[in-house]
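If you count by our numbering, then the sequence shown holds residues 24 to 256, one letter each, in order.
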Amino acid sequence: MAVESFTSMTVSDVTPRRTSKRSHALFEALEKEIVLGTLKPEQALTEMDLAQRFECSQGTVREALMRLNEEGLVNRLPNRGTTVAPCHADDARALLHVRREVECSYLDRVVARADAMLERDLHDRLNAMRNAARDGDEYRLSVFDRAFHRRLFEAADLPLVAPILTRCLIHNHRFKILNAQPNRELEATAERHVPILDALAERDVETLRELLSHHIATIVDFGPDLSNTGESA
Numbered sequence: 024m025a026v027e028s029f030t031s032m033t034v035s036d037v038t039p040r041r042t043s044k045r046s047h048a049l050f051e052a053l054e055k056e057i058v059l060g061t062l063k064p065e066q067a068l069t070e071m072d073l074a075q076r077f078e079c080s081q082g083t084v085r086e087a088l089m090r091l092n093e094e095g096l097v098n099r100l101p102n103r104g105t106t107v108a109p110c111h112a113d114d115a116r117a118l119l120h121v122r123r124e125v126e127c128s129y130l131d132r133v134v135a136r137a138d139a140m141l142e143r144d145l146h147d148r149l150n151a152m153r154n155a156a157r158d159g160d161e162y163r164l165s166v167f168d169r170a171f172h173r174r175l176f177e178a179a180d181l182p183l184v185a186p187i188l189t190r191c192l193i194h195n196h197r198f199k200i201l202n203a204q205p206n207r208e209l210e211a212t213a214e215r216h217v218p219i220l221d222a223l224a225e226r227d228v229e230t231l232r233e234l235l236s237h238h239i240a241t242i243v244d245f246g247p248d249l250s251n252t253g254e255s256a
């Protein structure tokens with residue numbers, strides 16, 4: 024399938040800003056390094072070292088680390104400092120099941136509220152995934168992949184539940200990237216979303232639920248199987 028190149032969507036278009044620009048930029052940089060494994064699980068981090076490395080104040084570092092702590096990507100403990108969060112299969116499996124419960128249980132609400140804007144937004148995110156895959160940028164692909172699923176769930180209008188999905192998504196993707204086989208088919212990862220869009224366009228709740236459930240269970244097709252069902256895509 025040809026890669027769409029017209030989308031102008033960038034990472035910042037789908038990443039919410041809740042802090043200052045500098046701390047947000049640092050948060051994004053550190054999130055990328057944690058997800059890709061540049062910063063290793065359980066590696067110690069210090070505000071002073073990060074401030075020197077990124078040429079910013081320790082206050083900016085502290086703000087970014089606090090947000091990473093909220094996302095579960097670092098652990099900040101009194102008198103013990105900050106470390107990169109571990110990345111264990113048991114945690115990933117549990118979050119995978121939570122994610123499937125959250126995303127698949129409320130699709131009747133999603134379909135009831137689906138409109139042309141939702142479909143357009145999802146297609147934009149799919150095209151951004153295709154472009155990232157074409158560029159061989161697995162991290163950017165994961166950003167838009169997560170944005171696709173957040174936007175789909177947004178239609179359920181359950182804002183108190185959405186942060187739970189956000190945490191599941193980041194940790195599922197981190198585990199997948201850290202444990203995946205090299206030279207993965209990134210374009211296949213993007214195209215896995217097409218059947219979901221087709222079922223949404225048909226407003227077929229049951230097919231959408233089946234497809235999405237399988238999609239989530241096989242998120243690690245190219246790495247360890249966390250589904251406990253033996254499914255494969």
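All C-beta atoms, glycine included, are put in the ideal place defined by N, C-alpha and C.
Considering only C-alpha positions, which residue in the set the options is nearest to residue i?
i           : options               : result
residue 80  : 112, 45 and 63        : 45
residue 257 : 109, 100 and 209      : Residue 257 lies beyond the range of the chain shown here (24 to 256); nothing can be said about it.
residue 184 : 55, 77, 121 and 86    : 121
residue 222 : 152, 192, 113 and 142 : 142
residue 70  : 55, 62, 86 and 57     : 86
residue 194 : 239, 179, 78 and 229  : 239
residue 175 : 166, 220 and 88       : 220
residue 144 : 224, 104, 114 and 241 : 224
residue 149 : 177, 217, 242 and 88  : 217
Taking a contact to mean a Cβ-Cβ separation below 8 Å, would you say residue i touches residue j in this structure?
i           : j           : result
residue 135 : residue 64  : no
residue 50  : residue 90  : yes
residue 133 : residue 179 : yes
residue 110 : residue 201 : yes
residue 153 : residue 213 : yes
Rounded to whole angstroms, what's the CA-CA distance from residue i to residue j? Just pull it up for me.
i           : j           : result
residue 170 : residue 196 : 12 Å
residue 123 : residue 93  : 21 Å
residue 158 : residue 119 : 28 Å
residue 101 : residue 72  : 18 Å
residue 48  : residue 173 : 21 Å
residue 43  : residue 54  : 16 Å
In this structure, what does DSSP give as the bridge partners for residue i?
i          : result
residue 68 : 105
residue 97 : 107
* Between the region 229 to 238 and the region 124 to 132, do at least 3 Cβ pairs fall closer than 8 Å? -> Cβ pair count under 8 Å is three or more, so yes.
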